[in-house]
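J.: Before I ask anything, let me first share the structure, which is written out below as structure tokens.
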Amino acid sequence: MASKENAAQKFMRATGKLRAIFGPANRSALSHEMTDENKALLIRREAETQQWETVRRPDGSTYVVPRNPEDKSLR
């Protein structure tokens with residue numbers, strides 16, 4: 285069983301005593317298939333991010349602006 289554990293599972297097993305003191309962490313499966321609902325949500329979120337552009341100021345700070353100010357479809 286130990287050979288099939290991923291890094292999160294190994295961490296959870298190694299920190300078992302600490303979790304008994306500080307409380308449990310979420311232990312859901314990380315290798316499951318995405319549901320149709322989650323796939324649709326991911327597509328929507330990716331489309332939303334495409335409407336923005338990151339601009340970097342000379343001081344290194346960044347901010348986002350709309351790629352097309354006239355496009356109000358996703359806002």
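Using this note's numbering, the letters of the sequence shown correspond one by one to residues 285 to 359.
Glycine residues also receive a C-beta, built at the ideal position from the N, C-alpha and C atoms.
None of the values given here were measured: they were computed from a predicted structure.
1. Exposed or buried, which one is Arg340 when buried takes at least 16 other CB atoms within 10 Å?
2. If we call anything under 8 angstroms between Cβ atoms a contact, is Leu328 one with Glu337?
3. Whose CA, out of Asp355, Glu289 and Gln293, lies closest to the CA of Ala331?
4. For Thr338, list the residues DSSP reports as bridge partners.
T.: With the structure as the only source:
1. Around the Cβ of Arg340, a 10 Å sphere holds fewer than 16 other Cβ atoms; the residue is exposed.
2. Sequence check: residue 328 is Arg here, not Leu. Going by C-beta atoms, Arg328 is not nearer than 8 angstroms to Glu337.
3. Asp355
4. Val348
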